[in-house]
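> For the sequence shown, the working numbering assigns the number -11 to the initial residue and increments by one for each residue that follows.
Take a look at this one; I'll ask things after.
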Amino acid sequence: MDIQTKYNLDQKVISIREEKTKVWERCTFCEGTNEPTSMLARAEITGRDGKIIRCPICKGNGGEWKYADTTWVIGHNLTIGQIEVRIHKLEFQEKEREEKYMCIETGIGGGQMWPVDNLFPTEEAALAECAIRNNKAEEQMR
Ligand SMILES: [Zn+2]
-11 MDIQTKYNLD QKVISIREEK TKVWERCTFC EGTNEPTSML ARAEITGRDG KIIRCPICKG
49 NGGEWKYADT TWVIGHNLTI GQIEVRIHKL EFQEKEREEK YMCIETGIGG GQMWPVDNLF
109 PTEEAALAEC AIRNNKAEEQ MR
């Protein structure tokens, strides 16, 4: 069996990754704060007896960070240091082939595994793929 891989050892590639956008959500129970920086200003509740306690819902933070949509962005400049290809029989696996890489910058042997779909030979190609994935995500939200 001859196994071809998209990249070779020592080849320079560029990764793409998903970036999660965080959105601050104000606590409605204590009316919280719109900005996480102005913490504790109003993150307390006054009882009928005038006693003041820290808001039990937001725990005095005035709100909480919620994850919103994800965006694909350019990741790192990497150098291929290890290649892993697995060929499966389709009756046992969903995909016939898996191609993953380990890179010198992120650790060989122990470290991040990069799927072939998230590595690109040039920055232009990586940016183009980010645009495609971000457009798809936007369409799905409509
Ligand atoms: Zn609160």
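Cβ atoms here follow ideal geometry from the backbone N, Cα and C, with glycine treated the same way.
All of these numbers come straight from a predicted model, not from anything done at the bench.
Whether or not the segment 62 to 73 and the segment 2 to 17 are in contact is what I'm after, with contact meaning three or more pairs of Cβ atoms, one per stretch, closer than 8 Å; do they touch?
yes
> Is F17 near ligand 1, going by C-beta to nearest heavy atom under 6 Å?
yes
> Please confirm whether G50 and T21 have their CB atoms less than 7 Å apart.
yes
> In the DSSP output, what is E13 paired with across the bridge?
E52
> With a 10 Å radius around its C-beta and 16 neighbouring C-beta atoms as the bar for buried, classify L66 as buried or exposed.
The Cβ neighbour count for L66, taken over all protein chains shown within 10 Å, is at least 16; the residue is labelled buried.
> Just to confirm, are E13 and T58 a CB contact at a threshold of 7 Å?
Their beta carbons are not under 7 Å apart, which means E13 does not touch T58 by this criterion.
> Is I20 a contact residue of ligand 1, with contact defined as CB to any heavy atom under 6 Å?
Per the sequence shown, the amino acid found at residue 20 is Gly instead of Ile. Yes, the Cβ of G20 comes within 6 Å of a heavy atom of ligand 1.
> Can you tell which of E23, C46, W102 has the C-alpha that lies nearest to the C-alpha of Y(-5)?
W102
> Per DSSP, R85 forms a beta bridge with which residues?
I75
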